[in-house]
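Numbered per numbering that gives the first Met the number 0, the sequence shown spans residues 0 to 293. For every residue, glycine included, the Cβ atom is placed at its ideal position computed from N, Cα and C. Below is one structure, written out as structure tokens; the observations come after it.
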Amino acid sequence: MFKRKIITLSAIMIAGLMTFQTNVLADAVEEKPYLSLGADLSTDQKSKVLELLDVDEKALDQYNIVTVTNADEHKYLDDYLDSSVIGTKALSSVLVEKRDKGEGIDVTTKNITYCTAGMYENALTTAGVTDATVTVAGPFNITGTAALVGAMNAYEDMTGEDISSESKDAATNELVVTSELADQLNDSDKAEQFLALIKEKVLSDDVKSESDINDIIDECSKDLDITVTDDQKAQIAELMQKINKLDLNVNDLKEQASKIYDKLSDMDIDTQGIFEKIKTALSSIFAALSGLFN
Numbered sequence: 000m001f002k003r004k005i006i007t008l009s010a011i012m013i014a015g016l017m018t019f020q021t022n023v024l025a026d027a028v029e030e031k032p033y034l035s036l037g038a039d040l041s042t043d044q045k046s047k048v049l050e051l052l053d054v055d056e057k058a059l060d061q062y063n064i065v066t067v068t069n070a071d072e073h074k075y076l077d078d079y080l081d082s083s084v085i086g087t088k089a090l091s092s093v094l095v096e097k098r099d100k101g102e103g104i105d106v107t108t109k110n111i112t113y114c115t116a117g118m119y120e121n122a123l124t125t126a127g128v129t130d131a132t133v134t135v136a137g138p139f140n141i142t143g144t145a146a147l148v149g150a151m152n153a154y155e156d157m158t159g160e161d162i163s164s165e166s167k168d169a170a171t172n173e174l175v176v177t178s179e180l181a182d183q184l185n186d187s188d189k190a191e192q193f194l195a196l197i198k199e200k201v202l203s204d205d206v207k208s209e210s211d212i213n214d215i216i217d218e219c220s221k222d223l224d225i226t227v228t229d230d231q232k233a234q235i236a237e238l239m240q241k242i243n244k245l246d247l248n249v250n251d252l253k254e255q256a257s258k259i260y261d262k263l264s265d266m267d268i269d270t271q272g273i274f275e276k277i278k279t280a281l282s283s284i285f286a287a288l289s290g291l292f293n
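Spelled out as structure tokens, the structure:
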């Protein structure tokens, strides 16, 4: 009887060890970086992109690879860019690696001339992407607007989480609006900060109406000394109405795109919405009152 118990216990321990090993192996597979490659890269272009992404071409089995086609790019970009700008070939490529929880999104670009790292970070937070290192590269100088599609697709495969079509649309819209504004201002940093600041204030106060959003745009324009046209204002207001429907958490947003929001704080720009300010003030009052009775 005693022997039987020992054998049974041993079998349970072995089964548990096997389960543990299986889970470890499964986790190891999930930790593989995701590589999104443009479907129309030539052999030489692919080699160049892999070099820029610091990926050994002989070790591609160490990566989960997804392919983005020109049709994928047009699916998300046609509403916002002329077809001639999108082009007929998918060349943008992206490497996505998971980071530890709370580390945020970190983007690096190589051979990308139109979209900056900050623009991608802003757009990816809107898409709901969290804690990822993203490297975007082109075989030669390209605009990079289509790379966002590859980054979102790779992130979905890596995490097993679907990004809703509404989130993808809002993120793509944001990237294009920010890029066009940066072009008009001739200042990428200001364009990134402007959109990030508006987005934070809209989400903090759950602002939905176009007129209230326009007030926030005016306020942020003064804060950053930016002049926008009526058309740009309308585009931004429409974008913010989309973003406000995505149920994004403001604190998560600021954590994920911390580089941009840290810059705004360094500039003494107030990123809190009016309701957030009231909440903070009330918390301070209650804390003070509580101190009187302790």
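Relative to the C-alpha of Glu-191, which residue among Glu-165, Lys-207, Ile-225 is closest?
Ile-225
Mind checking which residues open and close the alpha helix (DSSP H) that includes Asn-152?
Note, Asn-152: alpha helix (DSSP H), 146-158.
What does Gly-37 pair with, by DSSP beta-bridge criteria?
Bridge partners of Gly-37: Val-67.
Distance check for Lys-167 and Ala-122, CA to CA, integer angstroms please.
9 Å
In the DSSP output, which residue or residues are listed as bridge partners for Val-95?
Tyr-33, Val-133
By Cβ distance below 6 Å, which residues in the same chain neighbour Glu-96 in space, the five residues on each side in sequence not counted?
Same-chain partners within the cutoff: Pro-32, Thr-132.
Given this structure, state the Cα-to-Cα distance separating Asn-213 from Ala-236, to the nearest angstrom.
Asn-213 and Ala-236 have their alpha carbons spaced roughly 6 Å apart.
Assuming Thr-112 is part of the alpha helix (DSSP H), what are its boundary residues?
Segment: none, Thr-112 is in no alpha helix (DSSP H) and carries neither H nor E.
Per the contact definition of three or more C-beta pairs closer than 8 Å, is the segment 143-161 in contact with the segment 66-83?
yes
Taking the DSSP output, what are the residues bridged to Val-106?
Val-133.
Opening and closing residue of the alpha helix (DSSP H) in which Lys-57 lies
Where Lys-57 is concerned, there is no enclosing alpha helix (DSSP H), given that its DSSP letter is neither H nor E.
On the DSSP letters alone, give me the boundaries of the alpha helix (DSSP H) that Tyr-260 sits inside.
Per DSSP, Tyr-260 is one residue of the alpha helix (DSSP H) stretching across 257-265.
Using the beta-carbon count (16 or more within 10 Å), is Thr-112 buried or exposed?
exposed
In angstroms, rounded to a whole number, what distance separates the CA positions of Ala-201 and Asn-243?
The residue you asked about is not Ala; residue 201 is Val in the sequence shown. Their Cα atoms are separated by approximately 7 Å.
Which residue wins for smallest C-alpha separation from Ala-195, given the options Ser-208, Glu-209, Asp-222?
Asp-222
What residue range does the alpha helix (DSSP H) around Ala-236 cover?
229-242
Which of the three DSSP states is assigned to Ile-141 in this structure?
strand
Ser-178: buried (16+ other C-beta within 10 angstroms of its C-beta) or exposed?
buried
Whole-angstrom C-beta distance between Leu-36 and Lys-45, which should lie under 8 Å
Indeed, because the Cβ distance is near 7 Å, the residues count as touching under 8 Å.
Do Lys-109 and Ala-136 come within 8 Å of each other at the CB atom, strictly closer than that value?
yes
Please report the straight-line C-alpha distance between Ser-41 and Ser-91, rounded to a whole angstrom.
12 Å
Looking at the secondary structure, which residues open and close the alpha helix (DSSP H) in which Lys-167 lies?
164-184
Going by C-alpha distance, which of Asp-246, Leu-174, Ser-187, Ala-256 is nearest Asp-204?
Asp-246
Below 8 Å on the Cβ atoms is my contact criterion, and I expect Glu-199 with Lys-258 to pass it. Report the Cβ-Cβ distance as a whole number of Å.
Their Cβ separation, rounded to whole angstroms, is 14 Å, which puts Glu-199 and Lys-258 out of contact at 8 Å.
Determine the direct distance from the alpha carbon of Pro-138 to that of Val-148, and round the result to whole angstroms.
17 Å
Got a sec, what are the start and stop residues for the alpha helix (DSSP H) Asp-78 sits in?
Counting along the chain, Asp-78 falls outside any alpha helix (DSSP H), and DSSP gives it neither H nor E.
What did DSSP end up calling Val-206 once you bin it into helix, strand or coil?
Of the three classes helix, strand and coil, the one that applies to Val-206 here is coil, per DSSP.
Please state the DSSP three-state secondary structure of Leu-223.
If DSSP states are grouped into helix, strand and coil, Leu-223 belongs with the helices.
Using the Cα positions of Ile-64 and Val-176, report the straight-line distance between them to the nearest angstrom.
29 Å
Through-space distance from Gln-61 to Thr-68, alpha-carbon basis:
Answer to the nearest angstrom: the Cα atoms are 22 Å apart.
Taking only the alpha-carbon atoms, compute the straight-line gap between Asp-39 and Asp-188 and give it to the nearest angstrom.
Distance between the alpha carbons of Asp-39 and Asp-188: 31 Å.
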